[in-house]
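Taken in order, these protein sequences are the chains called H and V.
Position one of the first sequence corresponds to residue 4 (my numbering), numbered consecutively onward.
Position one of the second sequence corresponds to residue 4 (my numbering), numbered consecutively onward.
Beta carbons are placed, not taken as given, at the ideal position from N, Cα and C, and that holds for glycine.
2 protein chains.
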Amino acid sequence: MAVNNELFKGTLQTIILNLLSENERMYGYEITQKVKAITKGELLLKEGALYPALHKLEADGLLDTATEVVGNRVRKYYSLSKSGEKEVVNKLQEAKDFIAHLQVLLNLKSSF
Amino acid sequence: MAVNNELFKGTLQTIILNLLSENERMYGYEITQKVKAITKGELLLKEGALYPALHKLEADGLLDTATEVVGNRVRKYYSLSKSGEKEVVNKLQEAKDFIAHLQVLLNLKSSF
DNA sequence: TTTATATACATAAGAAAACTATGTATATAA
DNA sequence: TTATATACATAGTTTTCTTATGTATATAAA
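What follows is the structure in structure tokens.
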């Protein structure tokens, strides 16, 4: 998933859900480009990680899908379901707690 | 590893190395208790995660060990090797970058 | 014109990390 | 004597991600 970083394991679902909470709907390739842009190319979301993650979120009922043909190419748009909208709140809180704990464990609190 | 959190995957080595960078030497059980104390019981480091991680760090030459008998019980003390002292600096920088990226990706920047 | 790159999806095989469960052993508190 | 705490270890399983591969269209470069 990352250029040289093991740390993002487990954060992918939260990242996807959060992007969809602020973008209404997105398709897979768009998500990879968005992540790349936000992190200035430092975090490269691989298809092998993204698509299975999207399929799992859909299977879990957190995402709705709509397939469209744009310029002869198929796009599969994803958006948050009702469940997804609730879950993203939990996931973001967990991420905040995680970061707080990690900052304490690694003595990084002083940098803020 | 965590009470209800998948997110710490990949951070264990960094946590161990950082604890040893500020404690001279520690043994396994002591590390589990320290993590528990720092996170107020919210992050429980399991033996099944800790001991293999310690063995790997030792095998990679990042940790030195010294076995001692304390009150009829065997303790295996771990300390940073020269390599470990260098590596902990890298790992901490990676963790800082990781947190920064994650805060941007999840729109958490505003909380600081 | 053919080749590379970008767009857009998908999945199979493998590796890495952690979890669950189990095992050994001593010490102490209930 | 039973449970809990201390102290180590590992086998089997699951989850997650990476690598590699496959299909297909569009466009820019050589």
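Against residue i, what residues of chain V qualify as contacts under a CB-to-CB distance less than 7 Å, listed in chain order?
| i | result |
| --- | --- |
| H/Thr14 | Leu10 and Leu105 |
| H/Leu95 | Leu109 |
Tell me, which residues are paired with residue i by DSSP?
| i | result |
| --- | --- |
| H/Ser82 | H/Asp67 |
Identify, in the order they occur along the chain, each residue of the same chain with its Cβ nearer than 8 Å to the Cβ of residue i, setting aside the five sequence neighbours on each side.
| i | result |
| --- | --- |
| H/Met4 | Because the pLDDT at H/Met4 is just 49, under 50, the model does not fix this residue reliably, and the point stays unresolved. |
| V/Val107 | none |
| H/Lys39 | Leu46, Leu47 and Leu48 |
| V/Arg28 | Ala69, Tyr80, Tyr81 and Ser82 |
| H/Leu23 | Met29, Leu66, Tyr81, Ser82, Leu83, Gly87 and Val91 |
Cutting at 7 Å between CB atoms, please list the residues of its own chain near residue i, excluding the five before and the five after it.
| i | result |
| --- | --- |
| H/Asn21 | Val91 and Leu95 |
| V/Phe115 | Note on V/Phe115: pLDDT 44, under 50, position unreliable in the model; the coordinate value appears next. Excluding positions up to five away in sequence, the list is empty. |
| H/Ser84 | Gly64, Leu65, Leu66 and Asp67 |
| H/Asn26 | none |
| H/Lys59 | none |
Give the residues of chain V in contact with residue i, contact being defined as C-beta atoms less than 8 Å apart.
| i | result |
| --- | --- |
| H/Asn110 | Asn21 and Glu25 |
| H/Ile102 | Ile102, Leu105, Gln106 and Leu111 |
In chain V, which residues lie less than 9 Å from residue i when you measure between Cβ atoms?
| i | result |
| --- | --- |
| H/Val38 | Leu108 |
Can you pull the chain H residues whose beta carbon is under 7 Å from the beta carbon of residue i, in chain order?
| i | result |
| --- | --- |
| V/Leu46 | His104 |
Kindly list the residues whose CB is nearer than 6 Å to the CB of residue i, restricted to its own chain and excluding five residues on each side of it in sequence; keep chain order.
| i | result |
| --- | --- |
| H/Ser86 | Gly64 and Leu65 |
| V/Ala98 | Thr17 |
| V/Gln36 | none |
What does residue i touch in chain H if you count any residue whose Cβ is under 8 Å from its own?
| i | result |
| --- | --- |
| V/Thr42 | His104, Val107 and Leu108 |
What in chain H is Cβ-close to residue i, meaning under 9 Å?
| i | result |
| --- | --- |
| V/Ile18 | Leu105, Leu108 and Leu109 |
Quiz item: Okay, do the region 14-21 of chain H and the region 71-79 of chain H touch, 3+ Cβ pairs below 8 Å being the bar?
Solution: no
Quiz prompt | the region 96-104 of chain V in contact with the region 98-113 of chain H per 3-pair CB rule at 8 Å | solution = yes
Quiz item: Which ranges does the beta strand (DSSP E) cover as unbroken runs of at least 3 residues, wholly within the region 11-78 of chain V, from first to last along the chain?
Solution: 66-73
Quiz item: Using 8 Å as the Cβ pair cut-off and three pairs as the minimum, do the region 64-73 of chain H and the region 39-53 of chain H touch?
Solution: no
Quiz item: Counting pairs of Cβ atoms below 8 Å between the region 26-46 of chain H and the region 89-97 of chain V, do you hit three or more?
Solution: no
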